[in-house]
Each structure stands twice: as structure tokens, then as C-alpha cells.
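Written out below as C-alpha cells is the structure these notes cover.
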Amino acid sequence: MTKDTKNKIALYEMQADICHALSHPVRLYILDLLAANEMSSSQLLEVLEITKANLSQHLKVLKSAGILKTHKEGSFQMLTLAIPKIKDACQLVRGILSDRLCD
């Protein structure tokens, strides 16, 4: 296998990991919220109205894919997008789907 082929396969694997992380409506909602403002998990819980354990699972998937990052602000762990362009990618897909709904 050539180096170019190995690099392409590695890239496709990374893309698959991100697509997997984006494959749940709650995770997409989390990304949409964080695209507007950084938030703590407590703030996310208030908006999402899901259990703390459920939120924790979703955040773990997003962090594992490298989409989210955290930083300490006082006594709070604040969540932000680690890949700001993910917002554009999600908006692009929603735009395509919106067009399909209108057809």
C-alpha cells in the first residue's frame, strides 16, 4: 500500500469517527448550542432536559471525536467547539435537508 493510500484511509477513518459523533440528534443539538455560546454541562442540562448520565455519554462521544474541548472557568468546566468549522458542516447538511423537505 502506498503512502498516499494509507493517508487517504486514515483520513476516511477520521471522517467516519466525526460522522459517527454527529449521528445523534441530541449531539447535533449540543453542537448547535455550543456554536452560539460556550456553556457548562449544567446549562446544557437545563436546555436539553435530559439526564446527567445521558448528557455525559453524549459529551464523551463528542470529546472522543475531537469535536469538543473544555476549559476551567472558576468552578465550572466550560464546553466549546474544538473544531469551529463543524458548525458550517452541520449548517450545510441542514440546508440540504431543508431543501429536500421543500421539494
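Quick note: the sequence shown uses the numbering used here, first residue -13, plus one each step.
Glycine included, C-beta positions come from ideal geometry on N, C-alpha and C.
Contact between the segment -9 to 10 and the segment 24 to 38 is absent: fewer than 3 CB-CB pairs across the two stretches fall below 8 Å.
Looking from the CA of Ile53, the closest CA among Leu87, Glu32, Leu20, Ser27 belongs to Leu20. Of the candidates Asp(-10), Ala51, Arg80, Arg80 places its Cα closest to the Cα of Tyr15.
Around the beta-carbon of Ala51, 16 or more other beta-carbon atoms lie within 10 Å, marking it buried. Approximately 7 Å separates the beta-carbon atoms of Lys73 and Leu67; this is inside 8 Å, confirming the contact. For the 8 Å CB-CB criterion, Ala7 and Val47 form a contact.
Boundaries of the alpha helix (DSSP H) around Met0: -11 to 7. Taking C-alpha positions only, Leu17 is separated from Leu(-3) by approximately 22 Å. According to DSSP, residue pairing for Leu20 in a beta bridge does not occur.
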